[in-house]
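Novice: Protein chains in written order, with the UniProt record's numbering: chain W, 1 to 839; chain P, 1 to 227. Note that beta-carbon positions come from the ideal geometry of N, C-alpha and C, so glycine has one too. Handing you a structure now.
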Amino acid sequence: MISGRGGAGARAGRIRPPRRIVRPNGPGENADFEACWNMLKEALRDIHNKNCSRLSFEELYRAAYKIVLKKKGEALYDCVKEFEEQWFAEHVIPKIEVLVTKSLINIGVDRTSATSVNERRQTGEKFLKGLRDTWEDHNMSMNMTADILMYLDRGYTQLESQRVPIFATTIALFRDHILRSCLNSNSRAMVIDILISVILDQVNMEREGDVIDRNLIRSCSRMLSCLYETEEENENDKLYLTVFEPRFLDNSKVFYSAECERLLRESDAGAWLRHTQQRLNEEVDRCGTTIELETLPKVTRTIDQELIVTHLSEFLALDGSGLKWMIDNDKIDDLSILYRLISRVDVKKTALRDILQRRVVELGIEIENVLKNTDFSTAQGDGEEGGEGEKAKALNPVAQQTAAAIKWVDDVLHLKDKFDNLWAQCFQNDLILQSALTKSFSDFINMFARSSEYVSLFIDDNLKRGIKGKTEAEVDVVLEKAIILIRYLQDRDLFQTYYQRHLARRLLHGKSESSDVEKQIISRMKQEMGQQFTSKFEGMFRDLGTSAELTTNYRNHIRSVGDGSKTIDLHINVLTTNYWPPEVMGRTTQIGEGSRVTCTYPPEVTRLQASFEQFYLTDRNGRKLTWIGTTGSADVKCTFPAIPGKSGLLARERRYEINVPTFAMVVLLLFNDLEEGASLSFEQIQDKTSISTSDLMRTLTAIAVAPKSRVLLKDPLTKSVKAKDKFSFNAAFQSKTIRIKAPIINAVSKVEDTTERKSTEEKNNQTRAHIVDAAIVRIMKSRKELSHSQLVSEVLAQLSSRFRPEVSLVKKRIEDLIAREYLERPDEDGSPSLYRYVA
Amino acid sequence: MKLDLTTSKALQGSLISAESGVYSDLLIKCGTDEYYVHKILLCTRSPFFAKACDGPFKVATPLTTACPDDDPEAVSAMICYLYRGCYPRVEADAERPQLKRLGDTWNIETYGEETISLQDEYLCLHAKVYAIAEKYQVSGLKEMALRNFSFLVPRTISPHNFAEASEIAYTMTIDSDRGLRDLVVDVLFSKSQFLEDEALKKLLKRLPDLTYDYVMYQHRKQEEKIE
Numbered sequence: 001m002i003s004g005r006g007g008a009g010a011r012a013g014r015i016r017p018p019r020r021i022v023r024p025n026g027p028g029e030n031a032d033f034e035a036c037w038n039m040l041k042e043a044l045r046d047i048h049n050k051n052c053s054r055l056s057f058e059e060l061y062r063a064a065y066k067i068v069l070k071k072k073g074e075a076l077y078d079c080v081k082e083f084e085e086q087w088f089a090e091h092v093i094p095k096i097e098v099l100v101t102k103s104l105i106n107i108g109v110d111r112t113s114a115t116s117v118n119e120r121r122q123t124g125e126k127f128l129k130g131l132r133d134t135w136e137d138h139n140m141s142m143n144m145t146a147d148i149l150m151y152l153d154r155g156y157t158q159l160e161s162q163r164v165p166i167f168a169t170t171i172a173l174f175r176d177h178i179l180r181s182c183l184n185s186n187s188r189a190m191v192i193d194i195l196i197s198v199i200l201d202q203v204n205m206e207r208e209g210d211v212i213d214r215n216l217i218r219s220c221s222r223m224l225s226c227l228y229e230t231e232e233e234n235e236n237d238k239l240y241l242t243v244f245e246p247r248f249l250d251n252s253k254v255f256y257s258a259e260c261e262r263l264l265r266e267s268d269a270g271a272w273l274r275h276t277q278q279r280l281n282e283e284v285d286r287c288g289t290t291i292e293l294e295t296l297p298k299v300t301r302t303i304d305q306e307l308i309v310t311h312l313s314e315f316l317a318l319d320g321s322g323l324k325w326m327i328d329n330d331k332i333d334d335l336s337i338l339y340r341l342i343s344r345v346d347v348k349k350t351a352l353r354d355i356l357q358r359r360v361v362e363l364g365i366e367i368e369n370v371l372k373n374t375d376f377s378t379a380q381g382d383g384e385e386g387g388e389g390e391k392a393k394a395l396n397p398v399a400q401q402t403a404a405a406i407k408w409v410d411d412v413l414h415l416k417d418k419f420d421n422l423w424a425q426c427f428q429n430d431l432i433l434q435s436a437l438t439k440s441f442s443d444f445i446n447m448f449a450r451s452s453e454y455v456s457l458f459i460d461d462n463l464k465r466g467i468k469g470k471t472e473a474e475v476d477v478v479l480e481k482a483i484i485l486i487r488y489l490q491d492r493d494l495f496q497t498y499y500q501r502h503l504a505r506r507l508l509h510g511k512s513e514s515s516d517v518e519k520q521i522i523s524r525m526k527q528e529m530g531q532q533f534t535s536k537f538e539g540m541f542r543d544l545g546t547s548a549e550l551t552t553n554y555r556n557h558i559r560s561v562g563d564g565s566k567t568i569d570l571h572i573n574v575l576t577t578n579y580w581p582p583e584v585m586g587r588t589t590q591i592g593e594g595s596r597v598t599c600t601y602p603p604e605v606t607r608l609q610a611s612f613e614q615f616y617l618t619d620r621n622g623r624k625l626t627w628i629g630t631t632g633s634a635d636v637k638c639t640f641p642a643i644p645g646k647s648g649l650l651a652r653e654r655r656y657e658i659n660v661p662t663f664a665m666v667v668l669l670l671f672n673d674l675e676e677g678a679s680l681s682f683e684q685i686q687d688k689t690s691i692s693t694s695d696l697m698r699t700l701t702a703i704a705v706a707p708k709s710r711v712l713l714k715d716p717l718t719k720s721v722k723a724k725d726k727f728s729f730n731a732a733f734q735s736k737t738i739r740i741k742a743p744i745i746n747a748v749s750k751v752e753d754t755t756e757r758k759s760t761e762e763k764n765n766q767t768r769a770h771i772v773d774a775a776i777v778r779i780m781k782s783r784k785e786l787s788h789s790q791l792v793s794e795v796l797a798q799l800s801s802r803f804r805p806e807v808s809l810v811k812k813r814i815e816d817l818i819a820r821e822y823l824e825r826p827d828e829d830g831s832p833s834l835y836r837y838v839a
Numbered sequence: 001m002k003l004d005l006t007t008s009k010a011l012q013g014s015l016i017s018a019e020s021g022v023y024s025d026l027l028i029k030c031g032t033d034e035y036y037v038h039k040i041l042l043c044t045r046s047p048f049f050a051k052a053c054d055g056p057f058k059v060a061t062p063l064t065t066a067c068p069d070d071d072p073e074a075v076s077a078m079i080c081y082l083y084r085g086c087y088p089r090v091e092a093d094a095e096r097p098q099l100k101r102l103g104d105t106w107n108i109e110t111y112g113e114e115t116i117s118l119q120d121e122y123l124c125l126h127a128k129v130y131a132i133a134e135k136y137q138v139s140g141l142k143e144m145a146l147r148n149f150s151f152l153v154p155r156t157i158s159p160h161n162f163a164e165a166s167e168i169a170y171t172m173t174i175d176s177d178r179g180l181r182d183l184v185v186d187v188l189f190s191k192s193q194f195l196e197d198e199a200l201k202k203l204l205k206r207l208p209d210l211t212y213d214y215v216m217y218q219h220r221k222q223e224e225k226i227e
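Here it is in structure tokens:
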């Protein structure tokens with residue numbers, strides 16, 4: 001049989017030649033089918049009866065295979081289906097029918113019926129259990145059936161487009177013959193409706209605090225997940241999704257909506273927050289253990305809507321527990337929950353943000369009001385004491401204003417700390433809320449007219465006294481606070497003016513506690529606000545530096561050229577006009593008496609001035625020096641004669657070194673030439689010195705009124721200097737210390753009164769006008785043509801880092817620039833609000 | 001990724017020693033043949049064996065599964081394939097070179113010294129293996145059998161062998177499984193002299209499906225020619 005090339009027999013032993021096949025089957029195919037089907041039928045019955053352990057899988061598989069191979073797949077498919085339907089009708093449906101009782105049907109219809117919760121639960125559980133058991137039997141049987149009919153699916157079903165796998169067909173029997181049928185003649189409800197009603201009833205029981213059999217319910221929900229609307233078994237057509245879930249969500253909606261109403265009626269916001277939070281957790285739990293997890297996002301959305309969104313604003317507005325109350329009482333926990341809940345429903349957190357903002361502004365205004373009230377009471381007290389001694393008592397309101405400024409700053413910072421704290425602890429450093437809070441702070445700070453001045457005063461006070469004895473870290477905290485506040489200020493140019501004024505005073509009168517700290521704060525401002533903002537302050541420091549050098553050089557120069565005669569030791573500060581505030585530079589004309597720097601200096605001083613000017617101008621050509629008497633001071637040695645007939649100090653001759661303002665020195669020198677006991681009237685002094693009235697008043701106050709430095713006697717002995725008063729040398733002056741400092745009574749007071757502030761603002765507005773002009777011209781030069789609104793908004797944008805100009809101001813400046821022919825309005829149709837740059 | 005030689009040898013070695021029956025946990029009986037095999041190899045490659053061994057059904061002790069209806073040649077080839085990656089079983093005393101690598105298949109090159117007439121004898125075997133691979137859904141085996149069959153069938157010189165193989169193709173596989181059937185019709189058309197053979201004449205009478213397929217094929221060819 002095997003024919004090979006030589007030696008075939010030997011080779012044949014190596015590879016066994018195949019045996020002949022036995023023809024597998026003869027005639028009688030139908031008989032074969034019957035035999036096989038009978039075997040399978042028996043097997044199916046055994047499977048239903050849970051006798052499957054005596055079945056041989058191979059045999060059954062082979063039987064099915066054989067049928068399919070013989071092209072009887074269709075017949076087998078139909079037989080199986082028919083068998084299962086019959087089995088179902090005979091053995092399964094009756095079991096369920098028994099369970100569908102009248103009381104069960106009532107669960108779905110009416111929850112408030114007379115039956116007790118317990119009864120209802122038991123009836124429901126009995127039904128669910130029966131249904132679950134039947135389902136599990138059916139499911140298992142059908143799985144095994146599908147196993148033994150594996151080849152039917154492979155060799156027949158898959159090739160027939162109108163057929164679905166045998167499992168899908170048989171498992172669907174459960175849906176069609178149980179879930180979708182009405183098994184009680186008294187009711188028209190389908191079993192699936194009853195099932196869902198019962199499940200929902202159980203879920204509601206759990207929501208109300210009962211314990212239910214979660215596993216049982218999960219089994220039922222699993223069942224609904226395993227069954228589909230059609231035999232196609234499309235994932236989106238799971239009965240769970242199509243029938244159960246919508247009803248579950250509806251039910252949840254009704255439940256939570258009612259619950260929310262009740263909470264609103266009976267509870268406070270805190271309870272509501274906690275309750276909602278708990279409900280959310282419960283639903284997470286429920287979806288994980290009782291129904292399907294895929295429902296979770298949907299049911300939490302229902303809670304979001306019903307428990308959070310619907311009555312959010314009402315809860316937030318509740319008196320004595322709402323958001324305002326939580327903020328005021330620092331309810332960290334409540335606010336944290338609130339933030340989490342609101343984040344769920346609104347990424348912008350509008351409700352929370354709005355109320356927070358409103359509360360910040362309210363508290364800010366409250367600070368201002370408290371301040372006003374405090375001011376009012378102290379001012380009254382002041383008025384009583386006042387009267388004659390205005391000047392002497394003038395210090396008091398100043399100190400009070402400083403205190404008010406510090407209190408204001410402290411309160412504001414306190415408020416900021418509070419909200420920062422809430423922000424970090426409750427609001428998870430939310431960026432939207434941060435910018436909202438910043439805006440509100442900036443709003444109320446800028447609503448307060450004196451904010452710029454107060455911030456500057458706060459820094460002034462700290463640099464003069466506050467930082468004494470503090471560690472570097474503590475100083476740093478103070479600086480940081482100051483910078484925070486500056487950041488909020490909108491009218492930075494105004495702040496710049498105040499700061500310049502305060503800084504000038506600190507520097508010229510040597511009142512600054514630490515020049516290191518001064519420089520630090522300026523470098524911080526530079527970081528925040530830019531070079532331009534601090535250039536004047538830096539210039540002031542530079543001036544003082546060069547002046548110190550100049551003083552030394554001049555002193556050396558005098559020593560080398562001097563003739564050894566007595567000289568006046570000169571300490572000079574050369575101030576560059578632009579860096580220093582105009583008040584210091586004597587550029588003010590506000591009082592209307594001409595320049596305040598005028599003064600007729602005594603000859604020795606004049607000589608000194610001439611000598612210095614000569615020295616100064618040798619190196620620097622074309623500069624002009626102006627002597628400002630108002631800001632300087634002089635050390636004067638005074639000798640007071642022994643007064644006969646007196647004991648103690650007065651019996652001896654007394655020498656004192658008095659530090660007085662420059663003008664006071666000029667005045668005192670007048671008395672050197674005067675006979676003993678003679679006096680000069682106010683007018684006489686003014687004639688000889690030509691110091692302006694107000695300056696002279698201040699000067700005389702320092703040396704004739706202030707108790708510790710009263711080297712002149714005034715007649716009459718009142719506390720204020722008036723015209724026609726007479727002054728004489730106070731020969732009986734005595735002091736415990738050798739060095740005495742006369743107080744500086746300065747026009748540039750620390751805190752402005754109303755008129756002064758008005759003038760500061762006016763000046764500021766003038767400066768602003770120029771800046772606005774410059775900005776407009778700059779913009780128009782580059783853009784050539786621009787509409788009115790565009791121009792205004794560009795100007796606002798360009799200047800935003802410095803101040804916010806009134807739109808009316810911008811308008812006025814534009815008009816002005818048109819008048820000065822920088823800009824023109826082109827007379828073209830349809831463009832009434834267009835401007836063009838005139839080159 | 002190809003296995004390197006050492007690894008391939010090691011794997012092959014362990015499979016070959018397993019084939020001797022050590023650690024086996026399943027006995028397959030087929031006629032008089034008995035195979036001690038490993039569930040891990042069978043069940044992972046055939047859903048039939050997986051269900052048979054793992055399902056809720058009766059499992060005889062000792063673990064035995066019988067294949068009474070199956071052709072012993074085909075069963076032997078299937079088990080050989082599962083352990084060696086090829087079939088048919090080459091006797092251990094064979095002097096001819098062993099398969100070099102896992103996955104080298106039975107082909108004319110390896111067994112090239114055999115005359116084509118010897119290989120011809122295997123045509124039926126490939127058809128049977130194809131059928132059993134389909135029946136038990138053994139992954140990979142069906143494809144290998146089809147490859148072998150399609151290599152041999154155009155070269156066959158024996159109408160008798162061809163007739164036997166055709167009969168297997170038309171009785172042991174289902175209608176819609178065209179793998180073997182198309183090849184059979186194609187070859188029958190090109191080797192129409194086979195129709196002279198008595199065996200084929202009988203076959204055509206017995207298998208209306210084959211006759212139908214052949215007529216339709218002829219018809220299609222004529223249509224093509226006219227075009």
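#1: Could you say which of N553(W), G270(W), M190(W) lies nearest to S181(W) if we only look at CA atoms?
#2: For K71(W), go through chain P and note every residue whose CB falls closer than 9 Å to its CB, in chain order.
#3: Is the region 183-200 of chain P close to the region 161-170 of chain P, with three or more CB pairs under 8 Å?
#4: In chain order, what residues of the same chain have a beta carbon less than 8 Å from the beta carbon of L183(W), not counting five sequence neighbours either side?
#5: So, helix, strand or coil for Y656(W), using DSSP?
#6: Counting contacts by CB-CB distance shorter than 8 Å, is P159(P) in contact with chain W?
#7: So F640(W) is in the beta strand (DSSP E); what residue range does that whole segment cover?
#8: When the distance is taken between beta carbons, is R279(W) closer than 8 Å to I303(W)?
#9: Under three-state DSSP, which class holds C30(P)?
#10: Where are the beta strand (DSSP E) runs, 3 residues long or more, that stay fully inside the region 663-721 of chain W, in chain order?
#11: Counting C-beta neighbours from all protein chains within 10 Å, is the total for T117(W) 16 or more, i.e. buried, or is it exposed?
#12: What do you reckon, are the CB atoms on F448(W) and E368(W) nearer than 8 Å?
#13: Can you tell me the Cβ-Cβ gap for K324(W) and I355(W), rounded? I've got them flagged as a contact below 8 Å.
#14: Who are the neighbours of P47(P) on chain W, taking C-beta pairs under 8 Å?
#15: For H91(W), I'd like the list of residues in its chain whose CB is within less than 6 Å of its CB, leaving aside the five on either flank, ordered along the chain.
#16: So, at 8 Å on beta carbons, what are the nonlocal neighbours of Q218(P) in its own chain, with the 5 sequence-adjacent residues on each side left out?
#17: What span of residues does the beta strand (DSSP E) with Y77(W) cover, start to end?
#18: For E283(W), go through chain P and note every residue whose CB falls closer than 8 Å to its CB, in chain order.
#19: Run the CB neighbour count on N251(W), radius 10 Å, all protein chains shown included, and call it buried at 16 or more, exposed below.
#20: Between D69(P) and chain W, is any beta-carbon pair separated by less than 8 Å?
#21: Tell me the residue span of the alpha helix (DSSP H) that contains L263(W).
#22: Could you list which residues in chain P have their beta carbon closer than 7 Å to that of G155(W), in chain order?
#23: With 16 as the cutoff for other CB atoms within 10 Å, does R84(P) come out buried or exposed?
#24: Would you mind telling me which residues of chain W sit closer than 7 Å to K201(P), beta carbon to beta carbon, in chain order?
#25: Are P661(W) and T600(W) touching if we call contact CB-CB under 8 Å?
Specialist: Quick answer:
#1: For this step, residue 181(W) is matched to residue 181 along the first sequence. For S181(W), the nearest C-alpha among the options comes from M190(W).
#2: What you label residue 71(W) is simply residue 71 of the first sequence in a count that begins at 1. What K71(W) touches in chain P: I174, D175.
#3: yes
#4: In the first sequence, the residue the question calls residue 183(W) occupies position 183. So the list reads I93, I96, E97, V100, V191, once near-sequence residues are dropped.
#5: Position 656 of the first sequence holds residue 656(W). Of the three classes helix, strand and coil, the one that applies to Y656(W) here is strand, per DSSP.
#6: Here residue 159(P) refers to the residue found at position 159 when the second sequence is read from its first residue. No - not a single Cβ of chain W is within 8 Å of the one on P159(P).
#7: Numbered from its first residue, the first sequence carries residue 640(W) at position 640. It spans 633-640 - the beta strand (DSSP E) in which F640(W) sits, taken as one unbroken run.
#8: As a working note, residue 303(W) is residue 303 in the first sequence. As a working note, residue 279(W) is residue 279 in the first sequence. Cβ atoms of I303(W) and R279(W): closer than 8 Å.
#9: Sequence index remark: in the second sequence, residue 30(P) carries index 30 (1-based). C30(P) falls in the strand class under three-state DSSP.
#10: 679-681, 712-715
#11: Counted from its first residue, the first sequence places residue 117(W) at position 117. Rather than Thr, the amino acid found at residue 117(W) in this sequence is Val. V117(W) should be labelled exposed.
#12: Here residue 448(W) corresponds to residue number 448 of the first sequence, with the count starting at 1. Here residue 368(W) corresponds to residue number 368 of the first sequence, with the count starting at 1. Yes.
#13: Within the first sequence, numbered from 1, the residue matching residue 324(W) stands at position 324. Within the first sequence, numbered from 1, the residue matching residue 355(W) stands at position 355. About 7 Å; that satisfies the 8 Å criterion.
#14: Locating residue 47(P) in the second sequence gives position 47, counting from the first residue. Near P47(P) (Cβ distances below 8 Å), the residues of chain W are M150.
#15: Counting from 1 along the first sequence, the entry for residue 91(W) is found at position 91. If we look at H91(W) and ignore the five residues flanking it on each side, it has no Cβ neighbours.
#16: To locate residue 218(P), count along the second sequence from 1; it is residue 218. Excluding positions up to five away in sequence, the list reads F189.
#17: For the purposes of this step, residue 77(W) is taken as residue 77 along the first sequence, with counting starting at 1. Counting along the chain, Y77(W) falls outside any beta strand (DSSP E), though it belongs to the alpha helix (DSSP H) covering 73-87.
#18: The residue labelled residue 283(W) in the question sits at position 283 within the first sequence. Ordered by position in chain P, no residue passes the 8 Å Cβ test against E283(W), which lies about 37 Å from the chain.
#19: The residue labelled residue 251(W) in the question sits at position 251 within the first sequence. Classification for N251(W): buried.
#20: Along the second sequence, one-based indexing puts residue 69(P) at 69. Yes, its Cβ sits closer than 8 Å to a Cβ of chain W.
#21: In the first sequence, residue 263(W) corresponds to position 263, counting from 1. Taken as a continuous stretch (DSSP letters only), the alpha helix (DSSP H) holding L263(W) covers 245-266.
#22: Here residue 155(W) corresponds to residue number 155 of the first sequence, with the count starting at 1. Residues of chain P passing the Cβ test: I174.
#23: As a first step, residue 84(P) is located in the second sequence; it is residue number 84 there, counting from the start. So R84(P) ends up on the buried side.
#24: The residue you call residue 201(P) lines up with position 201 of the second sequence. Those within 7 Å of K201(P) in chain W number zero; the least Cβ separation is about 17 Å.
#25: Residue numbering aside, residue 661(W) sits at position 661 when the first sequence is read from its first letter. Residue numbering aside, residue 600(W) sits at position 600 when the first sequence is read from its first letter. Contact flag unset, no.
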